[in-house]
Amino acid sequence: MKKAILFGLIFAMVLSLCACNTKKINGQSDTELVITESIKQNNTAEGSIVQSSTEQELSKAEGAPEVQSISIISFPKTYNDTVNGIVFETSIEIPDTFDFSAIKRSTAVRQFVDLEATKNFFSESKEIVEERFDDYAEPEVDEWSGEFSDSSMLSIGLVFGYGTTLSRQIDERFLAYENGSRFSKTNQLTTITPEIALNKFEEYMRLFNCDVGEYNYSYYLIDHQTIQGITVDTISDSPMGSYNWSTEDDAYYFYIEQKYQDLPVYFGIENFPQDYEYYRPLQMIYSQRGLEKLYMLSTYTFSESEEPIQLLDFSEVVSLVSNKYGNLLTNASYVVNRAKLYQMPVVNATGDYDLKIAWLVEITESGIDVELDGEPYDYTFYISVNAETGEEILL
Numbered sequence: 586m587k588k589a590i591l592f593g594l595i596f597a598m599v600l601s602l603c604a605c606n607t608k609k610i611n612g613q614s615d616t617e618l619v620i621t622e623s624i625k626q627n628n629t630a631e632g633s634i635v636q637s638s639t640e641q642e643l644s645k646a647e648g649a650p651e652v653q654s655i656s657i658i659s660f661p662k663t664y665n666d667t668v669n670g671i672v673f674e675t676s677i678e679i680p681d682t683f684d685f686s687a688i689k690r691s692t693a694v695r696q697f698v699d700l701e702a703t704k705n706f707f708s709e710s711k712e713i714v715e716e717r718f719d720d721y722a723e724p725e726v727d728e729w730s731g732e733f734s735d736s737s738m739l740s741i742g743l744v745f746g747y748g749t750t751l752s753r754q755i756d757e758r759f760l761a762y763e764n765g766s767r768f769s770k771t772n773q774l775t776t777i778t779p780e781i782a783l784n785k786f787e788e789y790m791r792l793f794n795c796d797v798g799e800y801n802y803s804y805y806l807i808d809h810q811t812i813q814g815i816t817v818d819t820i821s822d823s824p825m826g827s828y829n830w831s832t833e834d835d836a837y838y839f840y841i842e843q844k845y846q847d848l849p850v851y852f853g854i855e856n857f858p859q860d861y862e863y864y865r866p867l868q869m870i871y872s873q874r875g876l877e878k879l880y881m882l883s884t885y886t887f888s889e890s891e892e893p894i895q896l897l898d899f900s901e902v903v904s905l906v907s908n909k910y911g912n913l914l915t916n917a918s919y920v921v922n923r924a925k926l927y928q929m930p931v932v933n934a935t936g937d938y939d940l941k942i943a944w945l946v947e948i949t950e951s952g953i954d955v956e957l958d959g960e961p962y963d964y965t966f967y968i969s970v971n972a973e974t975g976e977e978i979l980l
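Throughout the sequence shown, residue numbering follows the numbering used here, covering 586 to 980 in sequence.
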């Protein structure tokens with residue numbers, strides 16, 4: 586049963602929202618703005634984000650060769666229209682710190698924690714009581730999992746996760762999308778600030794040979810009085826049971842995403858394309874006692890070229906979406922809710938990643954399901970549109 590719990594831990598970690606902040610390694614911080622203010626129905630440039638003045642030319646250093654210029658372009662804060670039967674009631678989300686002229690064509694390499702360094706760190710003060718090692722030829726990432734004498738668990742491989750008994754107790758009870766409103770998004774622990782906890786997070790990542798770089802974060806303060814009042818249905822394989830809660834169990838629950846060139850790095854995958862905060866690929870629980878949970882699904886290192894990127898007008902997104910769904914021979918209706926600009930890693934022929942500037946577009950489809958006795962339905966799905974070419978990127 587221990588092995589079932591061990592391998593279930595990583596899945597629970599993924600499904601475990603939030604004062605949004607931006608953290609930089611140098612300790613400076615600023616605020617990530619989600620652009621949601623309305624503009625006029627005719628979608629004029631009022632209240633728009635502007636890429637440059639009339640035209641901005643890059644790299645004008647004396648003696649340097651002339652390089653490509655990027656043209657003026659603006660993005661409305663909202664887009665409201667009906668095109669080819671598709672309703673656009675769309676908030677356009679771009680960080681207010683984003684510098685359109687600074688984006689350069691870039692590549693990324695996925696990072697994995699160093700197995701030996703990570704295992705040695707966690708086993709330094711406690712005994713390994715159960716372990717499993719798998720040496721895979723493809724992919725070339727060794728996997729190790731184990732349980733320690735204090736009942737904490739560690740899994741290293743394509744996905745990295747560490748969790749204590751407290752983290753499992755919290756993850757069984759805390760669901761950000763369900764009961765997150767019961768917890769504070771701004772309160773702090775009495776002895777540890779969020780900045781202190783995040784400095785420890787950066788320290789751990791360096792010890793495990795991972796360079797997180799710049800990132801956005803959000804957190805909840807999990808207080809023991811509230812969390813212990815949330816009941817769960819205990820099953821035979823659950824790590825639940827009696828637990829004596831105390832003030833030492835008060836903890837921050839962090840959700841973290843990388844950012845690059847001031848844009849968040851997209852972390853969705855084919856079966857889970859949603860960019861919910863609680864799906865973020867880096868998560869940490871840090872209590873009054875210290876580290877309780879650390880989880881990493883994917884992080885990247887980045888390489889930037891000198892080639893600037895020209896983004897297309899948002900009308901290209903409108904055109905793709907309205908043509909794709911407006912021409913379907915169904916009775917369904919479609920509403921485009923929002924579009925958020927991301928750095929999107931797309932795997933290339935070498936197995937590494939090309940970074941594409943892309944819109945993640947959220948769409949709600951509704952209609953009548955003729956196969957279910959005419960029952961009405963609606964569901965939300967996502968597509969990605971390359972902001973440079975206007976083409977769809979398959980998730």
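Just so you know, even glycine gets a beta-carbon here, dropped at the ideal spot from N, CA and C.
Cβ-based burial, residue i [other Cβ within 10 Å; buried from 16]
{"i": "I953", "result": "exposed"}
{"i": "Y964", "result": "exposed"}
{"i": "A693", "result": "buried"}
{"i": "P779", "result": "buried"}
{"i": "E678", "result": "buried"}
{"i": "V932", "result": "exposed"}
{"i": "L867", "result": "buried"}
{"i": "Y753", "result": "Note that residue 753 is Arg in the sequence shown, not Tyr. Classification of R753: buried, given that the 10 Å Cβ count is 16 or more."}
{"i": "I820", "result": "With a pLDDT of only 40 at I820, under 50, the local geometry of the prediction cannot be trusted, and the value read off the model is given with reservation. With fewer than 16 Cβ atoms within 10 Å of its Cβ, I820 is classed as exposed."}
Euclidean distance between Cα positions of residue i and residue j
{"i": "Y902", "j": "I978", "result": "In the sequence under discussion, the amino acid at residue 902 is Val, which differs from the Tyr named in the question. Rounded to whole angstroms, V902 to I978 spans 12 Å at the Cα level."}
{"i": "K909", "j": "Y885", "result": "32 Å"}
{"i": "I854", "j": "I781", "result": "31 Å"}
{"i": "F697", "j": "D719", "result": "15 Å"}
{"i": "N856", "j": "Y845", "result": "24 Å"}
{"i": "I777", "j": "Q873", "result": "7 Å"}
{"i": "N971", "j": "W944", "result": "6 Å"}
{"i": "S656", "j": "S676", "result": "24 Å"}
{"i": "E973", "j": "A924", "result": "15 Å"}
{"i": "P680", "j": "E842", "result": "14 Å"}
{"i": "N772", "j": "D735", "result": "29 Å"}
{"i": "E833", "j": "I755", "result": "13 Å"}
{"i": "L739", "j": "I948", "result": "38 Å"}
{"i": "S918", "j": "S900", "result": "20 Å"}
{"i": "F660", "j": "S766", "result": "32 Å"}
{"i": "S883", "j": "A934", "result": "19 Å"}
{"i": "F887", "j": "R865", "result": "19 Å"}
Residue i and residue j closer than 8 Å at C-beta
{"i": "R690", "j": "S890", "result": "yes"}
{"i": "Y840", "j": "Y871", "result": "no"}
{"i": "W729", "j": "I741", "result": "yes"}
{"i": "Y805", "j": "A761", "result": "yes"}
{"i": "K878", "j": "G748", "result": "yes"}
{"i": "D684", "j": "D898", "result": "no"}
{"i": "Y802", "j": "L774", "result": "no"}
{"i": "D699", "j": "F793", "result": "yes"}
{"i": "I815", "j": "F768", "result": "no"}
{"i": "Y938", "j": "R695", "result": "yes"}
{"i": "I688", "j": "P893", "result": "yes"}
{"i": "S907", "j": "N669", "result": "yes"}
{"i": "I812", "j": "F759", "result": "yes"}
{"i": "H809", "j": "S831", "result": "yes"}
Nearest candidate by alpha-carbon position, reference residue i, set the options
{"i": "N764", "options": "Y863, L914, S736", "result": "Y863"}
{"i": "E950", "options": "S831, V921, N794, Y838", "result": "V921"}
{"i": "G911", "options": "T667, A761, S740, V850", "result": "T667"}
{"i": "V955", "options": "N829, T915, D699", "result": "T915"}
{"i": "V946", "options": "Y967, G936, F706, Y938", "result": "Y967"}
{"i": "E732", "options": "G742, T750, V744, V726", "result": "T750"}
{"i": "T703", "options": "Q928, S888, M881", "result": "M881"}
{"i": "V850", "options": "E701, Q813, Y927", "result": "Y927"}
{"i": "S686", "options": "I658, E674, S708, R695", "result": "I658"}
{"i": "G875", "options": "P661, E701, F707, F673", "result": "F707"}
{"i": "F745", "options": "G959, D727, S710", "result": "D727"}
{"i": "Y789", "options": "N705, S827, H809, K711", "result": "N705"}
{"i": "S969", "options": "T663, L905, V817", "result": "L905"}
{"i": "V817", "options": "E757, K770, D796", "result": "E757"}
Beta carbon proximity, residue i to chain B, threshold 8 Å
{"i": "E960", "result": "Going by chain labels, chain B is absent from the structure shown, which holds only one protein chain."}
Completely contained beta strand (DSSP E) runs for the stretch 656 to 699, where each covers 3 or more residues: 663 to 668, 671 to 678, 689 to 696
At 3 residues or longer, what runs of the beta strand (DSSP E) sit wholly inside the stretch 716 to 794? 728 to 733, 738 to 741, 745 to 748
Whole alpha helix (DSSP H) runs in the stretch 828 to 903 with 4 or more residues, listed along the chain? none
Fully enclosed by the stretch 917 to 969, which alpha helix (DSSP H) runs are 4 residues long or longer? none
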